[in-house]
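Colleague: Just so it is clear: in the sequence shown, position 562 is 562 by UniProt numbering, and no numbers are missing.
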Amino acid sequence: MIDARTTAPRRGSDPVTDSETAVTPDTAPATADWTRTEWVAYADRVLAGAQAFASPNNARITPPGAEGGYGRAIDGLEGFARTFLLAGFRIVGERGQGDAIEELAAFYARGITAGVDPTAPDRWVRLDEHAQAKVEAASIALILDMTRPWIWARLDDLTQQRVIDYFSPVVGDTTYPQTNWVWFRLVVQTFLRSVGGPWSADDVADDLARHDTFARSEGWMSDGDERSFDHYVGWALHLYPVLWSRMQGASELANGRTAADIVALDRFLLDAVALVGADGSPLLQGRSLIYRFAAAAPFWVGVLAEVPSLSAGALRHAANKVVAHFAEHTVPTADGILTMGWHDEWRGLAQSYSGPGSPYWAVKGLLGVMLPADHEVWSATSAPLPIENADTLLTVNAAGWIVSGTSADGIVRVINHGTDHATDGSLVGDSPLYARLGYSTATSPLLDTEAWENPLEQSVTIVDSLGRATHRAAMQLTEVRLQDDADGTLAIAASVSDAHWVTAELGGRRHGSGLDGAITVAGPLSVHSLVRGAWEVRLARLESLESGLDAASLRLRIGGWPLAGIAPITGETGDAAWASEGTLLSRISCLQGDAGVPQVAVRPNATPLAPVAAVPFLDFPVVAGDWVAVLVELSGAQLQGAPLSGAQLPGSEPDDQQSPSVEILDHGNEWEVEVVWPDGRETSSLLPKHRRPSRTDR
Numbered sequence: 001m002i003d004a005r006t007t008a009p010r011r012g013s014d015p016v017t018d019s020e021t022a023v024t025p026d027t028a029p030a031t032a033d034w035t036r037t038e039w040v041a042y043a044d045r046v047l048a049g050a051q052a053f054a055s056p057n058n059a060r061i062t063p064p065g066a067e068g069g070y071g072r073a074i075d076g077l078e079g080f081a082r083t084f085l086l087a088g089f090r091i092v093g094e095r096g097q098g099d100a101i102e103e104l105a106a107f108y109a110r111g112i113t114a115g116v117d118p119t120a121p122d123r124w125v126r127l128d129e130h131a132q133a134k135v136e137a138a139s140i141a142l143i144l145d146m147t148r149p150w151i152w153a154r155l156d157d158l159t160q161q162r163v164i165d166y167f168s169p170v171v172g173d174t175t176y177p178q179t180n181w182v183w184f185r186l187v188v189q190t191f192l193r194s195v196g197g198p199w200s201a202d203d204v205a206d207d208l209a210r211h212d213t214f215a216r217s218e219g220w221m222s223d224g225d226e227r228s229f230d231h232y233v234g235w236a237l238h239l240y241p242v243l244w245s246r247m248q249g250a251s252e253l254a255n256g257r258t259a260a261d262i263v264a265l266d267r268f269l270l271d272a273v274a275l276v277g278a279d280g281s282p283l284l285q286g287r288s289l290i291y292r293f294a295a296a297a298p299f300w301v302g303v304l305a306e307v308p309s310l311s312a313g314a315l316r317h318a319a320n321k322v323v324a325h326f327a328e329h330t331v332p333t334a335d336g337i338l339t340m341g342w343h344d345e346w347r348g349l350a351q352s353y354s355g356p357g358s359p360y361w362a363v364k365g366l367l368g369v370m371l372p373a374d375h376e377v378w379s380a381t382s383a384p385l386p387i388e389n390a391d392t393l394l395t396v397n398a399a400g401w402i403v404s405g406t407s408a409d410g411i412v413r414v415i416n417h418g419t420d421h422a423t424d425g426s427l428v429g430d431s432p433l434y435a436r437l438g439y440s441t442a443t444s445p446l447l448d449t450e451a452w453e454n455p456l457e458q459s460v461t462i463v464d465s466l467g468r469a470t471h472r473a474a475m476q477l478t479e480v481r482l483q484d485d486a487d488g489t490l491a492i493a494a495s496v497s498d499a500h501w502v503t504a505e506l507g508g509r510r511h512g513s514g515l516d517g518a519i520t521v522a523g524p525l526s527v528h529s530l531v532r533g534a535w536e537v538r539l540a541r542l543e544s545l546e547s548g549l550d551a552a553s554l555r556l557r558i559g560g561w562p563l564a565g566i567a568p569i570t571g572e573t574g575d576a577a578w579a580s581e582g583t584l585l586s587r588i589s590c591l592q593g594d595a596g597v598p599q600v601a602v603r604p605n606a607t608p609l610a611p612v613a614a615v616p617f618l619d620f621p622v623v624a625g626d627w628v629a630v631l632v633e634l635s636g637a638q639l640q641g642a643p644l645s646g647a648q649l650p651g652s653e654p655d656d657q658q659s660p661s662v663e664i665l666d667h668g669n670e671w672e673v674e675v676v677w678p679d680g681r682e683t684s685s686l687l688p689k690h691r692r693p694s695r696t697d698r
């Protein structure tokens with residue numbers, strides 16, 4: 001067993017080698033990367049923390065925590081399979097050598113032997129007993145292939161046959177969800193084929209073909225038929241093709257596809273590095289955020305695949321920033337446990353079925369420890385994240401995202417007009433994890449029950465007399481672009497949706513998608529975003545109101561960025577509402593329209609970041625065909641680490657701060673929008689007019 005006394009890694013020097021003299025934390029530069037020794041120490045700490053909770057035969061590992069929705073037997077299988085990933089990386093990285101590595105291999109070999117023994121008290125749940133076993137089987141098969149000389153080859157004949165029997169139900173099983181799950185069947189069948197077990201060429205071909213249907217532009221993929229763009233793109237849909245291609249016999253099944261997979265990965269990584277905050281935080285968007293530093297996995301995959309566009313040092317640094325971010329926020333815990341949460345334990349971040357073994361998919365982010373000490377990545381010169389160099393502004397066309405990073409505060413923001421975890425044309429509830437207008441590396445969407453039922457933060461909604469807010473999924477993306485004549489400093493995105501109220505069905509599952517239920521349509525609602533740095537000019541227009549609805553009883557509500565803290569400072573100043581917490585400021589200001597009294601909603605226990613969240617918002621009368629415009633801001637001074645002073649809070653702007661304004665002109669088939677920004681810059685943009693989106697009620 002790995003020694004649980006291993007301490008967390010210190011800050012190292014760069015380039016990264018095991019032989020260098022360590023740089024102390026007091027003298028290490030802020031951008032210094034961990035040495036390989038430090039990566040290994042961190043990995044071993046995670047392993048040791050989990051191994052302490054193994055069953056007597058090691059077949060189940062059940063860290064402390066509430067039982068998952070699928071029961072303790074699944075919890076234990078998850079804990080074994082997911083930590084086996086990390087054990088495999090460690091064994092491969094040391095080429096199977098060393099006493100500690102041999103002990104590690106023996107620990108998991110003993111667990112495998114018991115896991116497939118039908119008489120063992122801690123045997124594994126079979127694939128034909130529960131679908132979750134199909135997920136975990138893929139991790140076990142992947143590492144059995146990867147560590148073949150040190151574990152598989154040393155299992156006795158009976159155990160090897162039992163492993164084959166355990167995996168065999170995957171063959172011909174058509175019940176796998178048509179998402180990233182297709183890789184679970186692919187990986188297991190590839191292993192079965194390599195050891196003389198049953199397999200199906202048709203299954204393999206079908207799964208590869210299905211994966212190809214996920215592909216969108218610029219290396220991005222959607223996790224299935226819905227507009228599901230999230231961290232699964234990196235830690236699953238790009239990870240598995242590369243790791244699978246390295247499995248024994250995979251090249252005979254690939255039909256030359258691997259080169260194209262790497263081209264797509266290479267392009268995706270150019271965007272992925274721009275989505276990491278200067279503090280290393282991944283974007284808080286999408287499901288399964290309890291996997292935390294699994295967000296580092298695609299960078300290591302890029303190293304393995306030797307992508308051409310980013311250097312090994314740049315990829316290692318990106319991975320390092322992500323993992324170090326969590327290490328600096330006491331992940332794992334002092335006992336070496338990965339809890340269900342983000343920085344701290346917060347059960348609301350997990351799916352209903354998640355158990356204490358679930359968070360260990362995070363170990364994909366430690367994939368780099370499979371690279372031995374003599375691999376070039378450990379001596380490669382580090383290269384900074386894009387946001388560590390300069391402000392960034394780009395578009396992710398497939399997802400309908402504007403990505404805006406500001407180097408002064410290190411925050412990356414995503415303005416979202418195309419991702420909602422819904423199918424085109426449907427009318428469903430908005431998922432807070434997917435359908436909000438904005439996500440960032442410094443904020444979390446609200447995730448309490450109210451957030452699923454009534455969108456507020458980063459939303460444009462119609463609110464009725466009962467306080468019910470409309471939803472926008474599925475919205476229709478109408479444009480996302482950088483404005484050509486703005487020197488790359490202005491980005492524009494827009495969408496239109498049939499704003500609708502949802503009377504949610506009781507007991508609905510929240511695995512990413514929003515709530516289903518009875519639908520009442522309010523009318524087509526157009527939203528445009530013009531983005532410069534920390535600012536967004538947000539334009540909203542209810543094109544028409546459904547007959548029978550009384551406009552006087554409705555309000556058009558626009559919510560700003562949510563800030564979380566122990567006790568956020570909030571206020572209203574003139575036509576603006578704001579909230580501040582430490583170094584961060586969220587503000588929303590009226591630019592056009594008859595806004596009522598600015599307000600700030602305060603919600604306890606609504607995000608994983610802190611006990612209280614504050615959301616500034618504005619309400620307007622509902623007048624079909626009239627424009628409303630606001631300025632939405634998220635800014636801070638994170639890199640300096642100084643809390644906002646009184647002179648920096650709203651209502652005390654410096655003399656050189658301009659009063660922003662907007663003018664909207666009708667040119668027949670398009671709108672011209674003239675903006676004066678807070679820094680005095682003036683821009684003029686042409687925006688398309690929107691038609692009512694097509695829809696399919698469900």
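Glycine residues also receive a C-beta, built at the ideal position from the N, C-alpha and C atoms.
(1) Assuming E252 is part of the alpha helix (DSSP H), what are its boundary residues?
(2) Is it buried or exposed for A647, if we count other Cβ within 10 angstroms and need 16 for buried?
(3) Would you call the CB atoms of I74 and V125 closer than 7 Å?
(4) Please report the distance separating the alpha-carbon of V630 from that of G560.
(5) Over the uninterrupted beta strand (DSSP E) stretch that includes E457, give me the two end residues.
(6) Quick check: the Cα distance between L275 and V531, rounded to an integer number of angstroms?
(7) Could you check what DSSP says for E388 in three-state terms: helix, strand or coil?
(8) Where V428 and Q248 are concerned, what is the direct C-alpha to C-alpha distance, given to the nearest angstrom?
(9) Between the C-alpha atoms of R316 and P384, what's the straight-line distance to the nearest angstrom?
(10) Going by beta-carbon coordinates alone, are A138 and F184 separated by less than 7 Å?
(11) Buried or exposed for L269, please, with buried defined as at least 16 other CB atoms from any protein chain shown within 10 angstroms of its CB.
(12) Kindly list the residues whose CB is nearer than 6 Å to the CB of L609, restricted to its own chain and excluding five residues on each side of it in sequence; keep chain order.
(13) Hey, is Y70's beta-carbon within less than 7 Å of any beta-carbon in chain B?
(14) I need the straight-line Cα distance from T461 to P121, nearest angstrom please.
(15) To the nearest angstrom, how far is it from the Cα of G357 to the Cα of P63?
(16) Tell me the DSSP secondary structure of Q476 in three-state form.
(17) Who are the Cβ neighbours of P678 in its own chain at under 7 Å, not counting the five residues just before and after it?
(18) Measuring straight from C-alpha to C-alpha, what distance separates P56 and S526?
(19) In this structure, how does DSSP classify A133 when only helix, strand and coil are distinguished?
(20) Would you tell me roughly how many angstroms separate the C-alpha atoms of F53 and A131, rounded to the nearest one?
(21) In or out: P654 buried (at least 16 other Cβ within 10 Å) or exposed?
(22) Look up W671 in the DSSP assignment and give the residues it is bridged to.
(23) Using DSSP with H/G/I as helix, E/B as strand and the rest coil, what is P25?
(24) Quick check: what's the CA-CA separation for A601 versus G467?
(25) Could you tell me whether any non-hydrogen atom of the ligand FAD is closer than 6 Å to the CB of E102?
(26) Would you please state the rounded distance, in angstroms, between the beta carbons of E453 and A278? I believe it to be under 8 Å.
(27) I'd like the span of the beta strand (DSSP E) that includes P298, first residue to last.
(28) Measure how close the beta-carbons of V676 and S685 come, nearest whole angstrom, since I'm counting them as under 8 Å.
(29) Could you check which residue in G625, L349 and A373 has the C-alpha nearest to that of Q97?
(30) Output needed for A305: all residues of its chain with C-beta closer than 7 Å, excluding positions within five of it in sequence on either side, in chain order.
(31) In terms of residue numbering, what span does the alpha helix (DSSP H) encompassing P241 cover?
(32) In three-state terms, what does DSSP make of S495?
(33) Comparing C-alpha positions only, which one of P359, P198, A327 and A399 sits nearest to T217?
(34) Could you tell me the distance, in whole angstroms, from the CA atom of A324 to the CA atom of V377?
(35) Can you find the residues in the same chain that come closer than 6 Å, C-beta to C-beta, to A451, ignoring five residues on each side of it along the sequence?
(36) Who are the near neighbours of A422 in its chain, counting only those whose CB is closer than 6 Å to its CB and skipping five residues on each side?
Modeller: In brief:
(1) As a working note, residue 252 is residue 252 in the sequence shown. Element bounds for E252: A250 to A254.
(2) The count along the sequence shown starts at 1 and reaches residue 647 at position 647. Unreliable placement is indicated for A647, whose pLDDT of 41 sits below 50; the coordinate value is still reported in the next sentence. Its Cβ having fewer than 16 others within 10 Å, A647 is exposed.
(3) Position 74 of the sequence shown, counted from the first residue, corresponds to residue 74. Position 125 of the sequence shown, counted from the first residue, corresponds to residue 125. Contact: yes.
(4) The count along the sequence shown starts at 1 and reaches residue 630 at position 630. The count along the sequence shown starts at 1 and reaches residue 560 at position 560. Their Cα atoms are separated by approximately 10 Å.
(5) The count along the sequence shown starts at 1 and reaches residue 457 at position 457. Per DSSP, E457 belongs to no beta strand (DSSP E) and is neither H nor E.
(6) Taking the first residue of the sequence shown as position 1, residue 275 is located at position 275. Taking the first residue of the sequence shown as position 1, residue 531 is located at position 531. Rounded to whole angstroms, L275 to V531 spans 16 Å at the Cα level.
(7) Mapped onto the sequence shown, residue 388 falls at position 388. Three-state DSSP puts E388 in a helix.
(8) Indexing the sequence shown from 1 puts residue 428 at position 428. Indexing the sequence shown from 1 puts residue 248 at position 248. Those two C-alpha atoms are separated by around 44 Å.
(9) Along the sequence shown, one-based indexing puts residue 316 at 316. Along the sequence shown, one-based indexing puts residue 384 at 384. Looking at the two C-alpha atoms, the distance is approximately 10 Å.
(10) As a working mapping, residue 138 is identified with position 138 in the sequence shown. As a working mapping, residue 184 is identified with position 184 in the sequence shown. The answer is yes: Cβ separation under 7 Å.
(11) Translated into the one-based positions of the sequence shown, residue 269 becomes position 269. When all chains shown are included, L269 counts as buried.
(12) By one-based count along the sequence shown, residue 609 stands at place 609. S444 and A564.
(13) Of the protein chains in this structure there is only one, and it is not chain B.
(14) Within the sequence shown, the letter at position 461 stands for residue 461. Within the sequence shown, the letter at position 121 stands for residue 121. For T461 and P121, the distance between alpha carbons rounds to 54 Å.
(15) For the purposes of this step, residue 357 is identified with residue 357 of the sequence shown, where counting begins at 1. For the purposes of this step, residue 63 is identified with residue 63 of the sequence shown, where counting begins at 1. Going from the Cα of G357 to the Cα of P63 covers about 6 Å.
(16) Position 476 of the sequence shown, counted from the first residue, corresponds to residue 476. Strand.
(17) Position 678 of the sequence shown, counting from 1, holds the residue named residue 678. Excluding residues within five positions, the ones whose Cβ falls inside 7 Å are W535, Q657, Q658 and P660.
(18) If you number the sequence shown from 1, residue 56 lands on position 56. If you number the sequence shown from 1, residue 526 lands on position 526. Near 60 Å, if we compare the C-alpha coordinates of S526 and P56.
(19) Your numbering for residue 133 matches position 133 in the sequence shown. Reduced to three states, the DSSP call for A133 is helix.
(20) In the sequence shown, residue 53 corresponds to position 53, counting from 1. In the sequence shown, residue 131 corresponds to position 131, counting from 1. So the alpha carbons of these two residues sit roughly 24 Å apart.
(21) For the purposes of this step, residue 654 is taken as the residue at position 654 of the sequence shown. Confidence in P654 is poor, its pLDDT being 43 and thus under 50, which makes the residue's placement too unreliable to answer from.
(22) For the purposes of this step, residue 671 is taken as residue 671 along the sequence shown, with counting starting at 1. Note: W671 sits in a beta bridge opposite D666 and L687.
(23) For the purposes of this step, residue 25 is identified with residue 25 of the sequence shown, where counting begins at 1. For P25, the predicted model reports a pLDDT of 31, less than 50, meaning its position is unreliable; a value from the coordinates is still stated below. It is coil, neither helix nor strand.
(24) On the sequence shown, position 601 is the one that residue 601 refers to. On the sequence shown, position 467 is the one that residue 467 refers to. Their backbone Cα atoms lie some 13 Å apart in a straight line.
(25) Ligands displayed in this structure: none; no statement on the ligand FAD is therefore possible.
(26) Reading the sequence shown from its first residue, position 453 is the one you call residue 453. Reading the sequence shown from its first residue, position 278 is the one you call residue 278. The pair is not a contact, with the Cβ atoms about 35 Å apart (cut-off 8 Å).
(27) As a first step, residue 298 is located in the sequence shown; it is residue number 298 there, counting from the start. Counting along the chain, P298 falls outside any beta strand (DSSP E), though it belongs to the alpha helix (DSSP H) covering A297 to A305.
(28) As a working note, residue 676 is residue 676 in the sequence shown. As a working note, residue 685 is residue 685 in the sequence shown. No, V676 and S685 are not in contact; Cβ-Cβ is about 13 Å, not under 8 Å.
(29) Numbered from its first residue, the sequence shown carries residue 97 at position 97. Comparing Cα-Cα distances from Q97 to each of G625, L349 and A373, the minimum goes to A373.
(30) Translated into the one-based positions of the sequence shown, residue 305 becomes position 305. Result list for A305: V242, I262 and L265, in chain order.
(31) Numbered from 1 along the sequence shown, position 241 holds the residue referred to as residue 241. Start and end: L239 to S245.
(32) To locate residue 495, count along the sequence shown from 1; it is residue 495. Three-state DSSP puts S495 in a strand.
(33) Reading the sequence shown from its first residue, position 217 is the one you call residue 217. For the record, residue 217 in the displayed sequence is Ser; it is not Thr. Among P359, P198, A327 and A399, the Cα nearest to that of S217 is on A399.
(34) Position 324 of the sequence shown holds residue 324. Position 377 of the sequence shown holds residue 377. About 17 Å.
(35) Locating residue 451 in the sequence shown gives position 451, where the first residue counts as 1. Answer for A451: P432, listed in chain order.
(36) By one-based count along the sequence shown, residue 422 stands at place 422. Taken in chain order, the residues that qualify are E226, V428, A473 and A474.
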